[in-house]
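Number of protein chains: 2
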Amino acid sequence: MKLYESAPAPSARRVSLFLAEKGIEIPRVQVDTRGGENVTAEFKAMSVNGKIPVLELADGTAISETIAICRYLDAAFPSDHHLFGDTPLAIGKVEMWNRIAELQGLFPAFQAFRNITGVFSDRERCVEAWGEESKQRVEEFLPVLESRLSVSTYLAGEHFSVADITAYIMCSFIAKIDIHIDETYPAIQAWQASLDQREASWQSTPVKVLEKGFNR
Amino acid sequence: MKLYESAPAPSARRVSLFLAEKGIEIPRVQVDTRGGENVTAEFKAMSVNGKIPVLELADGTAISETIAICRYLDAAFPSDHHLFGDTPLAIGKVEMWNRIAELQGLFPAFQAFRNITGVFSDRERCVEAWGEESKQRVEEFLPVLESRLSVSTYLAGEHFSVADITAYIMCSFIAKIDIHIDETYPAIQAWQASLDQREASWQSTPVKVLEKGFNR
Numbered sequence: 310m311k312l313y314e315s316a317p318a319p320s321a322r323r324v325s326l327f328l329a330e331k332g333i334e335i336p337r338v339q340v341d342t343r344g345g346e347n348v349t350a351e352f353k354a355m356s357v358n359g360k361i362p363v364l365e366l367a368d369g370t371a372i373s374e375t376i377a378i379c380r381y382l383d384a385a386f387p388s389d390h391h392l393f394g395d396t397p398l399a400i401g402k403v404e405m406w407n408r409i410a411e412l413q414g415l416f417p418a419f420q421a422f423r424n425i426t427g428v429f430s431d432r433e434r435c436v437e438a439w440g441e442e443s444k445q446r447v448e449e450f451l452p453v454l455e456s457r458l459s460v461s462t463y464l465a466g467e468h469f470s471v472a473d474i475t476a477y478i479m480c481s482f483i484a485k486i487d488i489h490i491d492e493t494y495p496a497i498q499a500w501q502a503s504l505d506q507r508e509a510s511w512q513s514t515p516v517k518v519l520e521k522g523f524n525r
Numbered sequence: 310m311k312l313y314e315s316a317p318a319p320s321a322r323r324v325s326l327f328l329a330e331k332g333i334e335i336p337r338v339q340v341d342t343r344g345g346e347n348v349t350a351e352f353k354a355m356s357v358n359g360k361i362p363v364l365e366l367a368d369g370t371a372i373s374e375t376i377a378i379c380r381y382l383d384a385a386f387p388s389d390h391h392l393f394g395d396t397p398l399a400i401g402k403v404e405m406w407n408r409i410a411e412l413q414g415l416f417p418a419f420q421a422f423r424n425i426t427g428v429f430s431d432r433e434r435c436v437e438a439w440g441e442e443s444k445q446r447v448e449e450f451l452p453v454l455e456s457r458l459s460v461s462t463y464l465a466g467e468h469f470s471v472a473d474i475t476a477y478i479m480c481s482f483i484a485k486i487d488i489h490i491d492e493t494y495p496a497i498q499a500w501q502a503s504l505d506q507r508e509a510s511w512q513s514t515p516v517k518v519l520e521k522g523f524n525r
């Protein structure tokens, strides 16, 4: 099993935080996405969406999409630490808050970044006005997140879940579109501080990188 | 338990098809989204994203987001018919293909529809150029879908799953943005025909509608 990723990219970080939290270690291969290693025919033959991260299983089966990789690993390495919820209610609430964090936060932030900066304009068409609109939608989501975290320890309830990972990655990624979590959002700040501590404890176990570069 | 929905809306249809396939019957309340019943303060107090469908449990807990509702019901009414997959590999592949169908198909189709037609311009800001771009991305996704369905009976493999429901709803919804599945896509057409038959068999058991209108 190998995880193809680009370690600093937000989607790769989501999987890394999930793995660290679950205590799962798997070999990593670093792919140079800015340099376009992920738009080659070889990479596209493996990854249906042409994106990192991709998990390649021993028999060559490839699983694309961040949350699909997390769900596969969650099922393949069962434990009592249920990041997708354990009861029907918890399962429903984790999915709901993870989707809300994605659809109202992380994905608009991605669309803002890609369309405003044109960072991938060599490979995709950009609409700057949509980037600005998406940025505004992220700004409008922050009060929703603040309101939720002012009444709940974690996003989906009293237990840490994959929804927290999604929102946490969003909160750091938005600095790239010049949105910052300031004192207007005390509940988000307190929750972020607790997750920073959690992440610091994970990082004391460094990830083993197997290979650098995508070569088949 | 009550499901607040707007029966013809694509997100409501996703839940309805899931319920029909699982053989679960629950009371429905029809919400007039075009008329804005879902943007009232009362509705927003229940639904975090202000959207239908929303599942309200007996204790008043509300679960928003289509797939979160499906996952809650899947866990609450366990059966041998696993629409989210049963093995780690199936779970990973269903999530992967459901996400691909959403992120490259259904969600761009929603963005195209909303931004081109301005159907909700009374309540959201539209960027027509993004609508056109999104439409083009949907068109570019169809060959990916055709290619997959030409080698696989269902989207995630040999078993029908929630990923098929997502892609099936997308394939009918795109008529609204003037994209049609024609003979250029024989594998999609054959798969659609088999799902039409499946849906027809479900519809012989009519859904019981409890109430009309959102009133608290």
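So the sequences go chain by chain: A and B.
My numbering applies: residue 310 is where the first sequence begins, and numbers increase by one.
My numbering applies: residue 310 is where the second sequence begins, and numbers increase by one.
Glycine residues also receive a C-beta, built at the ideal position from the N, C-alpha and C atoms.
In chain A, what lies closer than 9 Å to Arg408 (chain B) by C-beta?
Walking along the second sequence from the start, residue 408 (chain B) turns up at place 99. The answer, in chain order, is Asn358, Ser373, Glu374, Thr375, Ile376, Ala377.
Beta carbon of Ala499 (chain B), beta carbon of Ala410 (chain B): below 8 Å?
Working through the second sequence from its first residue, we reach residue 499 (chain B) at position 190. Working through the second sequence from its first residue, we reach residue 410 (chain B) at position 101. For Ala499 (chain B) and Ala410 (chain B), no; Cβs fall outside 8 Å.
C-beta contact flag for Glu330 (chain A) and Leu415 (chain A) at 8 Å
In the first sequence, counting from the first residue as 1, residue 330 (chain A) sits at position 21. In the first sequence, counting from the first residue as 1, residue 415 (chain A) sits at position 106. For Glu330 (chain A) and Leu415 (chain A), no; Cβs fall outside 8 Å.
Contacts around Cys379 (chain B), its chain only, beta-carbon distance under 7 Å, and the 5 residues preceding and following it disregarded
Translated into the one-based positions of the second sequence, residue 379 (chain B) becomes position 70. Around Cys379 (chain B): Val324, Phe327, Val471.
Starting from Arg423 (chain B), trace the alpha helix (DSSP H) both ways and give me its first and last residue.
Walking along the second sequence from the start, residue 423 (chain B) turns up at place 114. Note, Arg423 (chain B): alpha helix (DSSP H), 416-426.
What would DSSP say about Glu314 (chain A), mapped onto helix, strand or coil?
Against the first sequence, residue 314 (chain A) aligns to sequence position 5. The answer is strand: DSSP assigns Glu314 (chain A) an E or B state.
Any beta-carbon of chain A closer than 8 Å to the one on Tyr463 (chain B)?
As a position in the second sequence, residue 463 (chain B) is number 154, starting the count at 1. Closer than 8 Å: no.
Cβ-based contacts, 7 Å cut-off: residues of the stretch 470-491 of chain A near chain B:
none
Take Trp511 (chain B) and list the residues in its own chain whose beta-carbon comes closer than 8 Å to its own, dropping the five residues that flank it on each side.
By 1-based counting over the second sequence, the position of residue 511 (chain B) is 202. If we look at Trp511 (chain B) and ignore the five residues flanking it on each side, its Cβ neighbours are Leu326, Ala329, Glu330.
List, in chain order, every chain B residue whose beta-carbon is nearer than 8 Å to that of Tyr313 (chain A).
Position 4 of the first sequence, counted from the start, is the residue given in the question as residue 313 (chain A). Result: empty, since nearest Cβ-Cβ is about 14 Å, beyond 8 Å.
Counted within 10 angstroms of its Cβ, other Cβ atoms place Met405 (chain A) as buried (16 or more) or exposed:
Start at 1 with the first residue of the first sequence, and residue 405 (chain A) comes out as number 96. So Met405 (chain A) counts as buried.
Simplified DSSP state of Leu326 (chain A), which is helix, strand or coil:
By 1-based counting over the first sequence, the position of residue 326 (chain A) is 17. Correct three-state label for Leu326 (chain A): helix.
Put Ile490 (chain B) into one of helix, strand or coil per three-state DSSP.
Taking the second sequence and counting its residues from 1, one reaches residue 490 (chain B) at position 181. Correct three-state label for Ile490 (chain B): coil.
Mind pulling the chain B residues with CB within less than 7 Å of Ile400 (chain A)?
Residue mapping note: residue 400 (chain A) aligns to position 91 of the first sequence, counting from 1. By Cβ distance, chain B contributes Arg380, Tyr381, Ala384.
Check whether the Cβ of Glu411 (chain A) lies closer than 7 Å to any heavy atom of the ligand GDP, and answer yes or no.
Only the bare structure without any ligand can be found here, which leaves the ligand GDP out of the picture.
Check whether the Cβ atoms of Ile361 (chain A) and Ala321 (chain A) lie closer than 8 Å to each other.
Taking the first residue of the first sequence as position 1, residue 361 (chain A) is located at position 52. Taking the first residue of the first sequence as position 1, residue 321 (chain A) is located at position 12. In contact: Ile361 (chain A) and Ala321 (chain A) (Cβ atoms closer than 8 Å).
Is Trp439 (chain B) close to chain A? Criterion is C-beta to C-beta, closer than 8 Å.
In the second sequence, the residue the question calls residue 439 (chain B) occupies position 130. Judged by the 8 Å Cβ criterion, Trp439 (chain B) is in contact with chain A.
What residues in its chain sit with their C-beta under 7 Å from that of Lys353 (chain A), if we drop five residues either side in the sequence?
Mapped onto the first sequence, residue 353 (chain A) falls at position 44. Excluding sequence neighbours, Lys353 (chain A) sits near Gly359.
Could you give the uninterrupted runs of the beta strand (DSSP E) lying entirely in the stretch 322-376 of chain A, keeping only those of 3 residues or more?
337-339, 363-365, 371-373
Under 7 Å between beta-carbons, which chain A residues line up against Pro397 (chain B)? List them in chain order, please.
To locate residue 397 (chain B), count along the second sequence from 1; it is residue 88. What Pro397 (chain B) touches in chain A: Tyr381, Ala384, Ala385.
Taking C-beta pairs closer than 7 Å, name the residues in chain A that Met405 (chain B) reaches, listed in chain order.
As a first step, residue 405 (chain B) is located in the second sequence; it is residue number 96 there, counting from the start. Chain A residues near Met405 (chain B): Ile372, Ser373, Glu374, Ala377.
Going by the beta-carbon positions, is the gap between Glu448 (chain B) and Ile488 (chain B) smaller than 8 Å?
Here residue 448 (chain B) corresponds to residue number 139 of the second sequence, with the count starting at 1. Here residue 488 (chain B) corresponds to residue number 179 of the second sequence, with the count starting at 1. Yes, they are a contact pair.
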